[in-house]
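Engineer: Residue numbers (the numbering used here): 158 to 1251.
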């Protein structure tokens, strides 16, 4: 065995759920010449046993044990146990994952350049998959032999685990992590960057950083945490001052105020008095020392907040943060004439600052792009100056701008062509802005581009024309590039112009670009006998001609197939001649699919949260006679298995993934999808196992039989078409769906209602893709239900919810809340109505049922849409009132009676003559509301509203004498209590309860001799983030729920799960007073910390 080139230190502490994956990622590195020192820091779970297993199986691994002393001590211990002669050193945290070839690439870089350390890009890993870590978004190119003084962006590179150090450099400066402190990486990494003679920066990803909710460094309201973070930054700042680099010190201090302290600054509203005092003391002293000059380079909203910190004005600072909590950062009012404008936070004394040009940026987004019948491209989107809304379309000027790529800074020296723009009104800019202060409905535009007036580029990889606008409003003028709505909408749109030219609309560096060029070759059709090779035909143009088509796939050898020029017909399937217009030299190529299908898939080397590639898609290149390789375009309507990908390039896909090729709207307001689900090359069509139904899954979309009873007659096969929510992890079967096993065609009809959000369509567990030619017909539908293409070529169903688009914005909600609701509440001509407004679940539903049984003369209104992604079932006889609709605000103002089991909005005030009955939910066995005051889970800004909220109740219904004092104290309630039991429990005591129980048994298939135990754990938020030292945890007691059945999920021993609840606040749905919902991980030691990347 070769001597090791790299020592890897892995500190271990209570990570049994992740350690196996972490150590496996290190063991399977392509650089095999490594030694791994694992340091068990007093783990109390099975982590030490897992580590010992690796040491027993692989002699490159060694396990060192020590008493719990913290992450820094474990790292330092690990370094002492490595071999000093090994030339390179790295660190990996035991719940993370190292990219399979990361160490080989990083060591090779250091060997080549002689630099002292190398750093690489980072993925952020959550249960939803991977995302680019925002701290490294700037890392778009590899830069060897650079330095932090030449690239200040490296100030954001403050963690140890994405680096490899030259061991002689590490030892020469005697680096060691500070023990007994949180945020231990920064005091070592920033000095290392400065002391290194040079640093290599790799833009490829080398590391998966796992974000865990319970990690100590993510507990932002911890007094110890904020003190340690400030101390770490102060230490590094002092180091830079001692080395006489004033400019670097100013840059670092500014980065601390912008990044490091921002996390704790945003936590001030949630934190208690001790946390706020600690922050104000430490951060205030830091700003005092840094000076006013450091603040001048910050965005205006940070300048305002840090000046309030410097002046120790906590009240005004909390008001600004509360405003930002409702509107997001960078939102403010603008006062003063052009040239002397100031940013102002409404209602906050002294919270203002002079605006710089960069503080008023322009925003431009593309909403829709379509090719008209005359061959011109129609763009629809919006553009506005942030915080300078136009009162009408006439008060804002927009001019289209197209220029060729290239030139100097910001394209200087390149000719610019102006394009007329038509202003239109649309609600999307106000909705998407997510803030409630400004309305941007007049920001819409339409622009038409004529490709005949754009310069042609030399090829598919050549430069194109960038599309932007000039926006002028209220005395300010900005130039801005048009960008995609979000990352999922950043995708190309391919269109063949019919005269041998191809146009591709895409984004380069985030900026909208249109390329028009003549491809050197195009695959136009495909065919071949059943069981025989795939035959592709097309045309090539110019010299040198093609000699082979190359197929490539990760983990497989490149395959080459010869091209025959001068042959090929138009009798195959596809759009023959669509691109070439009948010119050029025909060519043909034959590809045996059985040989490709036999190639095994590349091993999955990523964490399990990252989906594995199918291994069935082969990319292509065209080999020319002179040895050059070029991209090979394909006709957009070319069907699988050889088809155009989202960028219009030929791919050979043997996975049999379903592909949608036709969509239409239905008369009922739904959408219909048709497509092909050709069998995989390895065999006949075989549906994958259907996924297990999700908790609280919506009912089947569309009318008809359930998904389990799909048609299975001759010519059709049973299949499962499922909609999966993009963010809520819920699934809904599509009822009207069928697959023809003879033709390989599928059809699905999706009808409203569907819970709000984006839903990906899956056929038998496989995502439905969009044929390239279909992209021109998307989106299809309306604001209630539409089909879109996202993330390249994935078909997505977008459900808009119950509200019209114009009422979905936070701005509209503010107008309804601050103007409409008070007017309906106080006007003498608008008295209270004989209506009952219900909100919540079991108990309000029981009250409604009893009132209906008694025949009470009243109108029943039911609030819907309070929980995102969950359909509210309105009982018979009640009228639905969507939350945040105008009807909802009016119902709160004019309903004589309100029955709720959740909190009302903080702005709600009970009207004279109005009765509010608070039934709450369940028995208070867990801590919530004011009971969380002394925990890190408390939201003190929310707790401060409890007394006002509870004062609006006329009566609180208590389930028992035991619950009454707990409800009073936790909800800060001092009014009347009706100790009459929970209305939800009435279902257990009717005369026919035995009959109801028997029906439940029959529905669930429970035998008569089986006892049923319903387990529904209550909130244990105070156990998620205990104050140090952690208290002894009581055993979680189940909360009995007496109406309805909720499935329970077995969770890891380190987790504390909380059932979902509802909230009416409109800002953070889903939490009871003073707490948050969802899983929360608890840690057993307070000295074990993760470097914070949040």
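We put the CB at the ideal spot given by N, CA and C, even for glycine.
1) Check for me: the alpha helix (DSSP H) holding residue 751 runs from which residue to which?
2) Would a C-beta distance cut-off of 8 Å place residue 1076 and residue 1126 closer than the cut-off?
3) Let me know if residue 913 comes out buried or exposed under the rule of 16 or more other beta-carbons within 10 Å of its beta-carbon.
4) List the endpoints of the continuous beta strand (DSSP E) containing residue 191.
5) Taking 6 Å as the limit between beta carbons, can you name the residues of its chain near residue 543, skipping five residues before and five after?
6) Note down the Cα distance separating residue 886 from residue 1154, rounded to an integer number of angstroms.
7) Apply the 10 Å Cβ neighbour rule to residue 552 and answer buried if 16 or more other Cβ atoms are within range, or exposed otherwise.
8) Give the list of continuous alpha helix (DSSP H) stretches no shorter than 4 residues that lie fully inside the segment 395-459.
9) What residue range does the alpha helix (DSSP H) around residue 652 cover?
10) What residue range does the alpha helix (DSSP H) around residue 347 cover?
11) With distances taken Cα to Cα, identify the nearest neighbour of residue 483 among 1094, 1063 and 1021.
12) Would the segment 297-316 and the segment 355-368 be scored as touching if the rule is three or more Cβ pairs under 8 Å?
13) Suppose contacts are defined by Cβ-Cβ distances below 8 Å. Is residue 251 in contact with residue 161 by that definition?
14) Using only alpha-carbon positions, find the residue among 902, 806 and 1022 that is nearest to residue 677.
15) Would you list the one or two residues that DSSP bridges to residue 1046?
16) Which residues in the same chain as residue 283 place their Cβ atom closer than 6 Å to its Cβ, once the five residues preceding and following it in sequence are excluded?
17) Taking Cβ to Cβ, would you say residue 270 is nearer than 8 Å to residue 360?
18) Just the Cα atoms here: how many angstroms apart are residue 908 and residue 829?
19) Taking just the CA atoms, how far does residue 789 sit from residue 778?
20) Along the chain, where does the beta strand (DSSP E) containing residue 366 start, and where does it finish?
21) Have a look at the DSSP bridge pairing and note the partners of residue 510.
22) Is it right to say residue 1169 is buried, meaning 16 or more other beta carbons lie within 10 angstroms of its own, or is it exposed?
23) When the distance is taken between beta carbons, is residue 275 closer than 8 Å to residue 321?
24) Sorted by chain position, which residues of the same chain lie with C-beta nearer than 7 Å to residue 396's C-beta, five sequence neighbours on each side aside?
25) For residue 246, which residues does DSSP report across the bridge?
26) Please report the straight-line C-alpha distance between residue 1212 and residue 763, rounded to a whole angstrom.
27) Using only alpha-carbon positions, find the residue among 1173, 178 and 1049 that is nearest to residue 1082.
28) Under three-state DSSP, which class holds residue 340?
29) Secondary structure at residue 1168, three-state DSSP: helix, strand or coil?
30) Reducing DSSP to helix, strand and coil, say where residue 872 ends up.
31) By how many angstroms is the C-alpha of residue 1101 removed from the C-alpha of residue 1049?
32) As a quick exercise: from 653, 946 and 752, pick the residue whose alpha carbon is nearest that of residue 533.
33) For residue 222, which residues in the same chain have their Cβ closer than 6 Å to its Cβ, ignoring the five residues on either side in sequence?
34) Going by Cα to Cα distance, which pick from 1089, 1080, 1099 and 1105 is closest to residue 1118?
35) Do residue 258 and residue 323 come within 8 Å of each other at the CB atom, strictly closer than that value?
36) Using a threshold of 8 Å, state whether the C-beta atoms of residue 318 and residue 364 are closer than that.
Structural biologist: Based on what the coordinates show:
1) Per DSSP, the unbroken alpha helix (DSSP H) holding residue 751 starts and ends at 750-754.
2) Not a contact, by the Cβ cut-off of 8 Å.
3) Residue environment: residue 913 is assigned as buried (16 or more neighbouring CB atoms within 10 Å of its CB, all protein chains considered).
4) Start and end: 191-198.
5) If the five residues before and after residue 543 are omitted, its C-beta is found closer than 6 Å to the C-beta atoms of 518 and 520, all from its own chain and listed in chain order.
6) Approximately 31 Å between the Cα atoms of the pair.
7) With fewer than 16 other Cβ atoms within 10 Å, it is exposed.
8) The qualifying runs are 403-412, 418-422, 430-447 and 449-453.
9) No alpha helix (DSSP H) holds residue 652; the beta strand (DSSP E) holding it covers 650-653.
10) Residues 343-352.
11) Out of 1094, 1063 and 1021, 1063 has the C-alpha closest to the C-alpha of residue 483.
12) Yes, since at least three Cβ pairs between the segment 297-316 and the segment 355-368 fall closer than 8 Å, the two stretches touch.
13) No, the pair does not count as a contact, with Cβ atoms beyond the cut-off.
14) Taking only the C-alpha atoms, the option nearest residue 677 is 806.
15) Paired residues: none, contrary to the question.
16) Within the same chain, residue 283 has close Cβ partners 368.
17) Not in contact: residue 270 and residue 360 (Cβ atoms no closer than 8 Å).
18) If I take the Cα positions, the gap works out to 9 Å.
19) Each residue's alpha carbon lies about 6 Å from the other.
20) Unbroken beta strand (DSSP E) run through residue 366: 356-367.
21) For residue 510, which the question treats as bridged, DSSP gives the partners 500.
22) Exposed is the call here.
23) Against a cut-off of 8 Å, the Cβ pair of residue 275 and residue 321 comes out as a contact.
24) Short of 7 Å from the beta carbon of residue 396, and not among the five residues preceding or following it, lie these beta carbons of its own chain, in chain order: 348.
25) Per DSSP, 164 and 322.
26) Reliability of the predicted coordinates at residue 1212 is poor, the pLDDT of 31 falling under 50, and the value obtained from them is presented with this limitation in mind. Residue 1212 and residue 763: Cα-Cα distance of roughly 24 Å.
27) Looking at the Cα atoms, 1173 is the closest of the given residues.
28) Residue state, collapsed to three classes: coil.
29) DSSP places residue 1168 in coil when its eight states are reduced to three.
30) Confidence at residue 872 is low in this model, with a pLDDT of 46, below 50, so the placement of that residue is unreliable and no value is reported for it.
31) Cα-Cα distance, rounded: 22 Å.
32) For residue 533, the closest C-alpha among the options 653, 946 and 752 is that of 653.
33) If you ignore the 5 residues before and after residue 222, its C-beta comes within less than 6 Å of the C-beta of 197, all in its own chain and listed in chain order.
34) That would be 1080, whose Cα lies nearest to the Cα of residue 1118.
35) Not closer than 8 Å, so no.
36) In contact: residue 318 and residue 364 (Cβ atoms closer than 8 Å).
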